[in-house]
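Order-wise, the sequence lines are chains E and S. Letter 184 of the first sequence, counting from 1, is numbered 184 in this note's numbering, and no numbers are missing. Remember, this note's numbering sits 380 above the position in the second sequence when you count from 1. In this text, a Cβ means the ideal position worked out from N, Cα and C, and glycines have one as well. Following: one structure in structure tokens, then a few remarks.
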Amino acid sequence: MTIYLDNAATTKIDPSSLEEMIPFFEKNYGNASSVHQLGQKAKEAIEKARKIIAQSMGANSEEIVFTSGGTESNNFAIKGVAFANKDKGNHIITTSIEHKSVLNVYKWLESQGFEISILGVDEKGFVKPGDLEKAIKPETILVSIIHGQNIIGSIQNLEKLGQVCKKHNVYFHIDACQSYIKTEINVQKHLVDLISINSHKIHGPKGVGALYLRKGTKIEPYQHGGGQERGLRSGTDNVPGIVGFAKAVEIGLDKNHIEYIKKLKNKLRQGLLKIPKVKINGPQDERGLCHILSASFFGIEGEAIIGLLDLEGICAATGSACASYTLELDQTLLSIGLPPQDINGTVRFSLSRFNTEEEIDKVLEILPKIVGKLREISPF
Amino acid sequence: MPYSKKVLDAFKNPHNYGKIKDADGIGKVGNPVCGDVMWLYIKVGKNKKGEEMIKEISFETFGCIAALASSTIITDLVKNKSIGYALEFTKKGILEELGGLPPMKIHCSVLAVDALHDAIYDYFSKNKRPIPENLAKRHRILEKEKGVIEERYKGWIEKEEELHQDD
């Protein structure tokens with residue numbers, strides 16, 4: 001049996017979410033833009049889904065635009081705001097701990113004449129609101145920050161950062177792909193203008209996500225075509241995906257899941273700390289995501305650890321899945337001041353409500369042996 | 381995992397690792413790009429023809445799956461073989477033995493060849509033997525790279541020495 005501890009990369013679909021999708025492949029396969037009954041059934045389902053997702057964050061339905069996932073939502077938000085507001089300024093602020101789907105958008109935007117400022121973080125992975133305020137200039141049009149960090153799990157303080165953005169009248173975008181559903185996001189309370197979310201990190205299907213756009217946000221359309229999603233994101237609607245996404249949100253909103261995952265994570269953390277020379281990275285209090293646990297193992301490499309875990313049927317990751325094939329040291333771990341050898345020795349375990357206490361016991365039985373064996377081989 | 385069966389087998393069943401205390405030659409190499417480190421120890425003896433051969437070989441590696449597998453495989457390949465044979469062993473040779481590696485990981489197998497050759501260099505220089513020019517040239521490059529690695533792991537190696545004192 002596989003023990004899946006890589007839920008920050010992607011998750012298993014919830015059976016109810018999958019069940020909800022199937023009729024929209026088999027029976028109600030109409031195009032939501034068609035006027036006939038089949039089309040209208042699809043449209044109704046999309047609007048129902050939109051309402052569920054809007055309500056999950058205290059938003060109105062017309063503020064939700066469906067996309068193909070987190071990467072598209074991030075691209076849409078950042079490029080869309082940048083180009084729609086370039087008459088106002090060309091300066092954008094982000095952080096050193098972003099996901100590649102934000103970081104690489106900025107690299108490209110620099111080639112298009114935009115100026116990017118990158119904020120550092122403290123040793124637990126938090127942006128200081130004072131640093132943000134100092135970085136804002138008259139030309140600043142957008143601030144974009146990862147809400148729940150995907151490697152170390154730090155959850156940024158939306159109240160404080162949002163207030164700074166509001167005070168200086170700049171748009172505030174958050175990448176909430178890891179944090180959505182796992183911690184509160186409420187647009188009534190949090191002064192956030194754009195929110196990227198996706199489905200496959202919360203036990204929904206892959207290939208669907210959404211962007212929350214506060215009413216009045218000036219943004220360029222992402223795809224041009226048939227005018228779907230109020231002309232902001234053309235393309236035939238992914239009806240089964242959207243329906244499955246909404247179902248995953250409905251189920252995910254049960255707060256008991258978070259408490260359960262926290263309990264498992266705590267058990268895993270306690271067990272890891274019993275292994276000699278192990279260090280846990282990122283916040284370990286309520287400012288950390290419930291499902292992400294990053295640990296550095298002295299003297300051995302993360303890839304070798306996850307390789308041996310894999311041979312035992314346990315899935316974990318060295319860093320983000322998107323960075324697995326590069327040799328670069330992880331930027332987030334560098335940003336919190338981890339030395340290179342600790343970065344090389346880092347493993348990310350990420351949990352979900354489908355994990356069990358027995359699975360954690362099994363991991364804690366196998367892992368110390370693996371660490372011991374690799375340390376026997378290592379010169380350090 | 382994106383590795384050949386041969387690589388995975390060697391990764392699963394590492395052997396010939398650990399220190400050789402009275403080694404005749406030691407090759408300590410590190411890769412400044414990815415941070416992998418390999419220390420290789422040899423003891424030299426003579427075969428029936430009177431040629432010098434690698435009688436014992438052992439490694440210590442801090443590295444990824446590819447580096448660990450290459451370490452085991454290279455020790456298997458040159459154990460009880462002549463020094464001449466070991467010196468002719470190339471990067472291409474080990475890569476073929478491994479059944480290939482993902483392009484990003486090729487440098488990990490190079491580390492094993494470098495460690496082997498540098499252990500032979502060490503043996504030659506300790507015994508005041510003439511050193512082939514290409515071996516000396518490679519050694520100079522490896523020394524430079526090792527400098528980068530030592531700088532990178534400075535605090536760490538010291539910390540490890542401290543920890544060992546506690547043992």
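According to the DSSP assignment, Ile-445(S) belongs to the alpha helix (DSSP H) that extends over 445–458. In the structure shown, Tyr-383(S) adopts coil according to DSSP, grouped into three states. With a 10 Å radius around the Cβ and a threshold of 16 neighbouring Cβ atoms, Phe-114(E) comes out buried. A direct Cα-Cα distance of roughly 6 Å separates Ile-377(E) from Gly-398(S). Between Ile-261(E) and His-291(E), the beta carbon gap of about 5 Å places them in contact (Cβ cut-off 8 Å). Counted as a single uninterrupted DSSP element, the stretch harbouring Leu-311(E) is not any beta strand (DSSP E) but the alpha helix (DSSP H) occupying residues 302–311. Of the candidates Glu-440(S), Tyr-421(S), Gly-479(S), Ile-521(S), Gly-479(S) places its Cα closest to the Cα of Val-387(S). In summary, Asn-28(E) is buried, with 16 or more beta-carbon neighbours lying within 10 Å of its beta-carbon over all protein chains present. For Ile-64(E), the pairing in a beta bridge is given by DSSP as Tyr-212(E). Here Asn-238(E) is buried, its C-beta having at least 16 other C-beta atoms within 10 Å. Membership of Phe-298(E) in any beta strand (DSSP E) is not indicated, and neither H nor E is assigned to it by DSSP. Rounded to whole angstroms, the gap between the alpha carbons of Thr-11(E) and Thr-356(E) is 15 Å. In this structure, the CA atom of Phe-469(S) is about 7 Å from the CA atom of Val-493(S). Approximately 6 Å separates the beta-carbon atoms of Ser-350(E) and Leu-5(E); this is inside 8 Å, confirming the contact.
Put simply, the CB of Lys-429(S) is far from chain E, with every gap to its CB atoms at 9 Å or more. Contact note: Thr-441(S) reaches chain E through Ile-377, Ser-378, Pro-379, using a C-beta cutoff of 8 Å and chain order. Under the three-state reduction of DSSP output, Lys-166(E) falls in the helix class. The beta carbon of Ser-451(S) sits closer than 9 Å to some beta carbon of chain E.
For Pro-368(E), the closest alpha carbon among the candidates Thr-217(E), Gly-271(E), Cys-315(E), Val-347(E) is that of Gly-271(E).
Judged by DSSP secondary structure, His-36(E) falls outside any beta strand (DSSP E); it is assigned neither H nor E.
Interface residue (Cβ-Cβ distance to chain E less than 9 Å): Pro-394(S) is classified as such. Closest in alpha carbon position to Ala-446(S), among Asn-427(S), Asp-389(S), Ile-400(S), is Asp-389(S). For Met-484(S), the three-state secondary structure derived from DSSP is helix.
The alpha-carbon of Lys-423(S) is positioned some 11 Å away from that of Ile-463(S).
Contact note: Leu-268(E) does not reach chain S at a C-beta cutoff of 7 Å; the least C-beta distance is about 23 Å. Of all alpha-carbon atoms in Thr-332(E), Phe-380(E), Val-347(E), Ile-343(E), the one lying nearest the alpha-carbon of Leu-119(E) is that of Thr-332(E).
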